[in-house]
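Position 99, counted from 1, in the sequence shown is what the working numbering calls 104; the numbers after and before it change by one each time, with no gaps.
We treat Cβ as the ideally placed atom computed from N, Cα and C, and that holds for glycine.
Worksheet for the structure shown next.
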Amino acid sequence: MSKTLVELAAEIVQSQASGSKMSGDEIKNALQNTYQTLKCLQDAESCGCSAEEKDAAPAMDPKRSIRKNDIVCLECGQAFKMLTKHLKSHNMTAREYRKKYGFASRQSLCAKALSDERSAASKERGIHPNLRKSIAERAGKKKKSA
């Protein structure tokens, strides 16, 4: 049978009080603080994130997180070339991450150098015929609706 948070908090404070002299008010405050801490940890555990992640501010300014050779995860502060796969460890999608930190919905979540490499490679290959056809169809629809 598992113990309740109150029982756990009482045991912790009791063991603390047995090792040092504590007044009644100190015991009461220690019990309340311990209970609140245990409750916070339990809530964080149930949602699958740590207590620090839940209350923490971004690791840095979102506008400065996308740099030339890396992108910094605003959840944990680690740097990566590409962020999308890493977001799974925070139980987030790229869309949720962009919304949370105010990025545009089409903002690439990779380093600028990697994005530039991809752009140059795609320009070198040229526009695929199917994409060219799709662009022409969209342009035709816009002219008709205008």
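Straight through space, the alpha carbons of Lys8 and Arg111 are spaced by roughly 49 Å.
With a minimum length of 4 residues, the unbroken runs of alpha helix (DSSP H) contained wholly in the region 104-149 fall at 117-130.
Beta bridge pairing from DSSP links Val77 with Ala84. In this structure, the CA atom of Ser139 is about 15 Å from the CA atom of Lys149.
In the same chain as Phe85, and ignoring 5 residues on each side of it, the C-beta atoms closer than 7 Å to its own belong to Asp75, Ile76, Cys78, His91, in chain order.
Counting along the chain, no alpha helix (DSSP H) covers Arg72, and no H or E run does either. Excluding the 5 residues flanking it on each side, Gly145 has no same chain C-beta neighbour closer than 8 Å.
Looking at the backbone, the Cα of Ile32 and that of Val18 are separated by about 7 Å. Counting other Cβ atoms within 10 Å of its Cβ, Thr98 stays below 16 and is therefore classed as exposed. Look at Lys90 here: in three-state DSSP terms it is coil, with no helix or strand label.
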